[in-house]
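Note sheet for the following structure.
In my numbering, the protein residues as written are 2 to 703.
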């Protein structure tokens, strides 16, 4: 086997042995840990005898690890060859082989929960066959480099997960390469420094593909660079693969932790120079909402989620806040890249959690740019995706490059793809190396063109302003309006027929409680009060129309006064008898015109001020926008609705990034004459076809 495809197909054929006892989506429970074990087996093969000899003298892992050249060893007498020598005891011997590894390897295998699979394979007479087949493939690093092994694991996981939800996607390598290129563009001087130590974090790291690609890029640029990677992963299998890869590369496997990044920061206090992440799209955080909301409320900006929390159906912006919390706040600062679907760009109105998080990011000048990717790039979803690039040290000196301070760059790379010869799930497109280079160049040049737009950060902010109109009602006591009173909630709640019938039936039973009896009495009283109100009104029906609420309320009090109605119920009655009437008097409250909630409207107004810094309280900023709001209202609203006014107390500041709007190209519609001509041609064609059908029918009848 000389190429990647042959190795994948060979391992996939081993998976086919499991058909029957295992469903296809469970093949990974066996194949992934076996591939990891075989990889370790090949790594330790050359030093096996020497380790066993030394292990008879000492039981110190550091000494044995020096012999293997890795941060692990195996002191059992078994390897894959020897396991096959004793088919009758293969399950027991395989367990002994796994126990012979150092604790760091045993922990990896435990996270695959592999022991129960050993029993299942042995029971179905498959264990020997699976080990025999895996023993045929050489996974030594001299044959299968670490990078290629990472590809093999990711491709296997992809095949095992073809029916996964759209959110549980795996990042294609070309997307990772593009992210890495965008993240590190302009960082060449820093990365090529002698003795450079670079820290990289991915806190939804999966099998570690992004960490591997970052390490590869940096070490190719600077072979002497020291790259320290940190990761966190919630899926035990993916975590185990990532950790085994880190171990084999000689990096610190302790930097990879298992756990949920939302509820447990596995790297508290850690700050990294570069962050990179592809969190699951649209993942719900409802199950963890208590812990997350508590952190937001109790720690504020001293925690990770100070800017706010999005709706519980999508945790994308929680992942982003977590990643931002890992940025270094020193002279060099940090840069991060993250992949999202379209939702974080615009979901959430002004004042919502999503908008407030965007406001915090943009007003703090953290957002550097966003690149829109082609559709159908990912294996499990064809939706539009975007790479966000953030930096907390944007360049402000023209002598050191493009001045990005207070600017946000949008790049439309949706047409930079080639069709794949064969689709892989939803993945029908790929980005070539040449296209990756071109997108990176466009981003790095920081110049406007058909693919690139550059904006002041305030471009994405807006004011949501409430516009009110006066409430004008007329009133009349007529039969049809009396019926309308039932639509008023306060009146309608006095009596519930269904509840009444249910309680009335229960009241015949001896176990009918005092509490239930009180509820039944309350419903009876409610019904009686409804009937009294309606009876009084029907006694006073009239065609007289009242256009002044204050005057009508006096009349109504005379009719219903002795019933001693609560204010809310009295209001429900006169509201039921009302109708909107532009010719009526204003309804007044506290000496002011009362607004009509049904006619309430909202206007979006562009910001007029430059945002110098983020402030949690926007009241001063809104006060500074009053003149802008008034001018807009007088110009755009008042001419059309003369009686309207602005409720200045409500104004909210919102942020959204309507990406597609900036790259939308209007396509002129065909003229009506052209459309008419096309319709006539189609009609003529249809008539011709109908004529042929009728002629065939006549000839058949003859």
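The C-beta atom is built at its ideal place from N, Cα and C for all residues, glycine as well.
Because the structure is a prediction, the values reported are computed rather than measured.
- Item | Cβ contact check for the region 146 to 156 and the region 178 to 190: 3 or more pairs under 8 Å | Short answer: they don't touch.
- Item | residue 586 - DSSP class collapsed to helix/strand/coil | Taking the chain shown and counting its residues from 1, one reaches residue 586 at position 585. Three-state DSSP puts residue 586 in coil, outside helix and strand.
- Query: So which of 81, 23, 51 and 53 has the shortest CA-CA distance to residue 40?
  - Reply: Within the chain shown, numbered from 1, the residue matching residue 40 stands at position 39. Taking only the C-alpha atoms, the option nearest residue 40 is 81.
- Query: Can you tell me where the beta strand (DSSP E) with residue 421 in it begins and where it stops?
  - Reply: To locate residue 421, count along the chain shown from 1; it is residue 420. In the DSSP assignment, residue 421 falls within the unbroken beta strand (DSSP E) covering 419 to 425.
- Query: For residue 292 versus residue 304, is the C-beta spacing smaller than 8 Å?
  - Reply: The residue given as residue 292 occupies position 291 in the chain shown. The residue given as residue 304 occupies position 303 in the chain shown. A distance of 8 Å or more separates the beta carbons of residue 292 and residue 304.
- Nearest candidate by alpha-carbon position, reference residue 135, set 215, 16, 474 and 235: Against the chain shown, residue 135 aligns to sequence position 134. The option with the nearest alpha carbon to residue 135 is 16.
- Query: Count the other CB atoms within 10 Å of the CB of residue 166; is the residue buried (16 or more) or exposed (fewer)?
  - Reply: The residue you call residue 166 lines up with position 165 of the chain shown. Because residue 166 carries a pLDDT of 47, less than 50, the predicted location of this residue cannot be relied on, and the following value inherits that uncertainty. Residue 166 is exposed by the Cβ-count criterion.
- Message: Here's a check: name, in chain order, each residue in its chain whose Cβ is nearer than 8 Å to the Cβ of residue 398, leaving out the five neighbours to either side.
- Response: Translated into the one-based positions of the chain shown, residue 398 becomes position 397. For residue 398, where only same-chain residues beyond five positions count, the Cβ hits under 8 Å are 404.
- Item | Among 62, 618, 282 and 679, nearest to residue 315 - alpha-carbon criterion | Translated into the one-based positions of the chain shown, residue 315 becomes position 314. Per the Cα distances, 282.
- Task: Taking the CB atoms as reference points, tell me whether residue 343 and residue 311 lie closer together than 8 Å.
- Result: Taking the chain shown and counting its residues from 1, one reaches residue 343 at position 342. Taking the chain shown and counting its residues from 1, one reaches residue 311 at position 310. When the beta-carbon positions are compared, residue 343 and residue 311 stay at least 8 Å from each other.
- Task: Let me know the alpha helix (DSSP H) ranges lying completely inside the region 229 to 269, each 4 residues or longer, listed in chain order.
- Result: Residue ranges of uninterrupted alpha helix (DSSP H) with 4 or more members, entirely inside the region 229 to 269 and ordered along the chain, are 237 to 249.
- Between the Cα of residue 591 and those of 563, 551 and 375, spot the shortest distance and give me the residue it belongs to. Locating residue 591 in the chain shown gives position 590, where the first residue counts as 1. Across the set 563, 551 and 375, the C-alpha of 551 shows the shortest separation from the C-alpha of residue 591.
- Query: Roughly how far, in whole angstroms, is the beta-carbon of residue 478 from the beta-carbon of residue 543, given that I think they are within contact range, below 8 Å?
  - Reply: The sequence position of residue 478 within the chain shown is 477, counting from 1. The sequence position of residue 543 within the chain shown is 542, counting from 1. Residue 478 to residue 543, Cβ: 6 Å. Contact.
- If you count every other CB in all the chains shown that lies within 10 Å of the CB of residue 472, and 16 or more means buried, which is it? Taking the first residue of the chain shown as 1, we reach residue 472 at position 471. Answer is buried; the Cβ neighbour count reaches 16.
- Please classify residue 332: does DSSP put it in a helix, a strand, or coil? Counting from one through the chain shown, the residue named residue 332 turns up at place 331. Note: residue 332 maps to coil in three-state DSSP.
- Around the Cβ of residue 323, are there at least 16 other Cβ atoms within 10 angstroms (buried) or fewer (exposed)? Locating residue 323 in the chain shown gives position 322, counting from the first residue. Residue burial is scored here from C-beta neighbours: residue 323 has at least 16 other C-beta atoms within 10 angstroms and is therefore classed as buried.
- Query: Skipping 5 residues on each side, what residues in its chain have a beta carbon closer than 7 Å to that of residue 702?
  - Reply: Counting from one through the chain shown, the residue named residue 702 turns up at place 701. Any answer about residue 702 is weak, because its pLDDT of 49 lies below 50 and its placement is not dependable; what the coordinates show is given next. Hits under 7 Å: none found.
- Inter-residue Cα distance where the pair is residue 387 and residue 652: Sequence index remark: in the chain shown, residue 387 carries index 386 (1-based). Sequence index remark: in the chain shown, residue 652 carries index 651 (1-based). Straight-line measurement puts the Cα of residue 652 at about 31 Å from the Cα of residue 387.
- Message: Please give me, in chain order, every unbroken run of the alpha helix (DSSP H) with length at least 4 that falls completely inside the region 88 to 156.
- Response: Here the runs fully enclosed are 91 to 100, 104 to 112, 116 to 124 and 128 to 135.
- Message: Whether or not the region 227 to 234 and the region 135 to 144 are in contact is what I'm after, with contact meaning three or more pairs of Cβ atoms, one per stretch, closer than 8 Å; do they touch?
- Response: Two segments are said to touch when three or more pairs of C-beta atoms, one from each, lie closer than 8 Å; by this definition the region 135 to 144 does not touch the region 227 to 234.
- Task: Taking residue 654 and residue 622 to be in contact with their CB atoms under 8 Å, please state how far apart those CB atoms are, rounded to whole angstroms.
- Result: If you number the chain shown from 1, residue 654 lands on position 653. If you number the chain shown from 1, residue 622 lands on position 621. Your pair residue 654 and residue 622 checks out as a contact, with CB atoms roughly 6 Å apart and the cut at 8 Å.
- Message: Less than 8 Å between the C-beta atoms of residue 602 and residue 468, yes or no?
- Response: Looking up residue 602 in the chain shown gives position 601. Looking up residue 468 in the chain shown gives position 467. It is a contact, given that the beta carbons lie within the stated cut-off.
- Task: Using 10 angstroms around the beta-carbon of residue 59, count the other beta-carbons present and answer buried if the total reaches 16, otherwise exposed.
- Result: Your numbering for residue 59 matches position 58 in the chain shown. Residue 59 counts as exposed, since fewer than 16 other beta carbons sit within 10 angstroms of its beta carbon.
- Message: In the DSSP output, which residue or residues are listed as bridge partners for residue 604?
- Response: On the chain shown, residue 604 is found 603 positions in, with the first residue counted as 1. Note: residue 604 is bridge-paired with 466 in the DSSP secondary-structure output.
- Item | Distance between residue 250 and residue 56 (C-alpha atoms, nearest Å) | Your numbering for residue 56 matches position 55 in the chain shown. Your numbering for residue 250 matches position 249 in the chain shown. For residue 56 and residue 250, the distance between alpha carbons rounds to 24 Å.
- Please work out which residues of its chain come closer than 6 Å, Cβ to Cβ, to residue 101, disregarding the five sequence neighbours upstream and downstream, and give them in chain order. Residue mapping note: residue 101 aligns to position 100 of the chain shown, counting from 1. 75, 76 and 77, listed in sequence order.
- From 200, 64 and 206, pick the residue whose C-alpha is nearest to that of residue 219; which is it? Numbered from its first residue, the chain shown carries residue 219 at position 218. In terms of Cα proximity to residue 219, the closest of 200, 64 and 206 is 200.
- Query: Can you name the residues that DSSP bridges to residue 371?
  - Reply: The residue labelled residue 371 in the question sits at position 370 within the chain shown. 389 and 411, per the DSSP bridge assignment.
- Of the listed residues 598, 123 and 629, nearest to residue 608 (C-alpha basis): Walking along the chain shown from the start, residue 608 turns up at place 607. Comparing alpha-carbon positions, the option among 598, 123 and 629 lying closest to residue 608 turns out to be 629.
- Cβ distance (whole Å) where residue 113 is taken to contact residue 238 below 8 Å: Here residue 113 corresponds to residue number 112 of the chain shown, with the count starting at 1. Here residue 238 corresponds to residue number 237 of the chain shown, with the count starting at 1. Residue 113 to residue 238, Cβ: 6 Å. Contact.
- Whose CA, out of 389, 516 and 43, lies closest to the CA of residue 411? Start at 1 with the first residue of the chain shown, and residue 411 comes out as number 410. When only C-alpha atoms are compared, the closest one is 389.
- Query: From residue 121 to residue 13, what does the alpha carbon distance come to, in whole angstroms?
  - Reply: Here residue 121 corresponds to residue number 120 of the chain shown, with the count starting at 1. Here residue 13 corresponds to residue number 12 of the chain shown, with the count starting at 1. Counting only the Cα atoms, residue 13 lies some 19 Å from residue 121.
- Thinking C-beta only, is residue 367 closer than 8 Å to residue 393? Within the chain shown, the letter at position 392 stands for residue 393. Within the chain shown, the letter at position 366 stands for residue 367. Their beta carbons are under 8 Å apart, which means residue 393 touches residue 367 by this criterion.
- Query: From the DSSP output, which residues share a beta bridge with residue 428?
  - Reply: As a first step, residue 428 must be located in the chain shown, where it is residue number 427. DSSP lists 425 as partners of residue 428.
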